[in-house]
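Comments concern the structure below.
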Amino acid sequence: MKWLSILVALVLVLCLVPLAYGAEVTGKFTIVKPPNVTEFNIYDAQEGGNVVVDMDPNRTYYARATVYSRNTLNTVQTVKVTLFYDVNGGSWDPNEVPTSGDLHDCAILTWDKTGGWSIDAGGSTKWALVTDQCVVPNLSQQSGTWVFAFKVGNVARASVLNNDDWRGVAVATNTKGKSGDALNVTGKNMNFASEITVSYGQGNQVVWEVEPGLAFTDSDSQKTGIVTTYIANGPYNVPVWTTDWTGDVQGDLAILDWSEEQPSGDNEFGLKAWVSPTLDDAIRVANEANADNVVVSPTEDPSKPGYPYATDEDGEGSSTNTLWLALSENWTNESVEYTGDITFNLTNQ
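For the sequence shown, position 126 matches number 110 in the numbering used here, and the numbering has no gaps at all.
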């Protein structure tokens, strides 16, 4: 019986040892991949419409960027579209994409998950995002299209050289700050656009009280202080023209003569114009088909050699534009008052 008691004691001892239980957690990780832009272009309508090749300043267009994210679009932090002028054209170079806006040459359109819509166009007041027409897709999906409705600035540089064009690139960045594949478009043309305003006194009417035989050199001939403002997104000219003027008696005309220094035919008049009261520099005002220029802008932007000239958004001009009138000695009409339009135009070079 001795061995039995030992066994029992051993069993009792073993039963006094506490039991051990295991515990565990579940491991999981998610691979966050950068979002890719799968489709991108510029259109004439919010829902797509026609792909735009030629753009006009002051008009609204729609940049559509379709983004794919394996982790759903909730992981997208920003979608950015950069529109910019390329003076050299040619093949695509990612290193040419600007990082800041410029009222002539670049607009950066951004959607940010936190901050919403924004635009950087170098302080421009004319470039704009039309936010009520912009679209954010369903972020719970893996693919969707952002629509950037934007208005082109009034002096977005015109494509007037042999190879220059406007380009666009779209890129998406996730909440980790990583960007996937971008897409670009090239070969967009920016059309020339211009505005001109002319003002003089009250009612924009230049009035002479003169006698037949008036010469350009006479003191009564000159009228100065005509204010002009020119806005253009490319090199421009300012031709001036007029037509025959109408008398206050039906059928009477004052006939424009731009070929002689002093009009000599019956009921003929002549005009000269310049941006300052310097008669020696003045041009003869002809009809529209033969109009000469009072202003010829530079062809090159002085701040960007090689780039075509463009004005600032508020324009430029002169407050000393001057007109000179001359009349023939032979004035046979019964009319005593004649009226006609003098047109200051603005055209591309």
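C-beta: ideal position from N, C-alpha, C; glycine also. As the structure is a prediction and not an experimental result, all values here were calculated from the model.
Per DSSP, the beta bridge partners of N168 are V153. Annotated as proximal: P219 and T283, with beta-carbon spacing under 7 Å.
Under DSSP, K135 forms a beta bridge with T44 and A112.
The Cβ-Cβ distance between S319 and D228 does not fall below 7 Å. Here C90 really is in contact with P82; their C-beta atoms are around 4 Å apart, less than 8 Å. A91 carries a strand assignment under DSSP once its states are collapsed to helix, strand and coil. Shown here, N217 sits in coil according to DSSP, grouped into three states, outside any helix or strand.
Nearest to G301 by C-alpha distance, out of S260, N138 and A270, is S260. In the DSSP assignment, W308 falls within the beta strand (DSSP E) that extends over E300 to L311. The beta carbon of S143 sits closer than 6 Å to the beta carbons of D149, N173 and M174 from its chain, once the five residues preceding and following it are set aside; these are given in chain order. For N317, there is no enclosing beta strand (DSSP E), as DSSP gives it neither H nor E. Taking C-alpha positions only, D204 is separated from N274 by approximately 26 Å. Here E31 carries a coil assignment [DSSP, helix/strand/coil].
Distance check between T306 and each of V37, P292, D276 and K256 places K256 closest, using alpha-carbon atoms only.
Fewer than three pairs of CB atoms, one per stretch, sit closer than 8 Å, so the segment 53 to 60 makes no contact with the segment 190 to 210. Just measuring C-alpha positions, the residue of I26, W242 and S287 sitting nearest N271 is W242.
Inter-residue distance for N146 and E80 is about 19 Å (C-alpha atoms, whole angstroms). Here F328 is buried: its Cβ has 16 or more other Cβ atoms, across all protein chains shown, within 10 Å. Per the Cβ contact rule, the segment 190 to 201 is not in contact with the segment 99 to 118 (fewer than 3 Cβ pairs under 8 Å). DSSP, reduced to helix, strand and coil, places N271 outside both helices and strands of the structure shown, so it counts as coil. Fully enclosed beta strand (DSSP E) runs of no fewer than 3 residues occupy 60 to 70 of the segment 46 to 79, in order along the chain.
Here D104 carries a strand assignment [DSSP, helix/strand/coil].
Setting aside the 5 residues that flank it on each side, N317 is surrounded in the same chain by G231, D236 and N251, each with a C-beta closer than 6 Å to its C-beta; the list follows chain order.
Annotation for D70: E80, D148, D149, W150, R151 and T170 place their beta carbon closer than 8 Å to its own, counting only its chain and skipping 5 residues before and after. As the crow flies, the alpha-carbon of S178 is around 47 Å from that of K17.
Sixteen is the threshold: when 16 or more other Cβ atoms of the shown chains lie within 10 Å of the Cβ of A133, as they do, the residue is buried.
Within its own chain, the residues whose Cβ lies closer than 6 Å to the Cβ of T50, once the five positions on either side in sequence are excluded, are T22, E23 and T129, listed in chain order.
The secondary-structure analysis by DSSP pairs K207 across a beta bridge with L307.
The beta carbon of Q117 sits closer than 6 Å to the beta carbons of Q30 and A133 from its chain, once the five residues preceding and following it are set aside; these are given in chain order. Bounds of the beta strand (DSSP E) holding K256 are E252 to W258. For the options N168, A156 and I210, the alpha carbon positioned closest to that of G187 is the one of I210.
Annotation for D276: the continuous beta strand (DSSP E) segment containing it runs D276 to V280. The Cβ atoms of N138 and K110 lie closer than 7 Å to each other.
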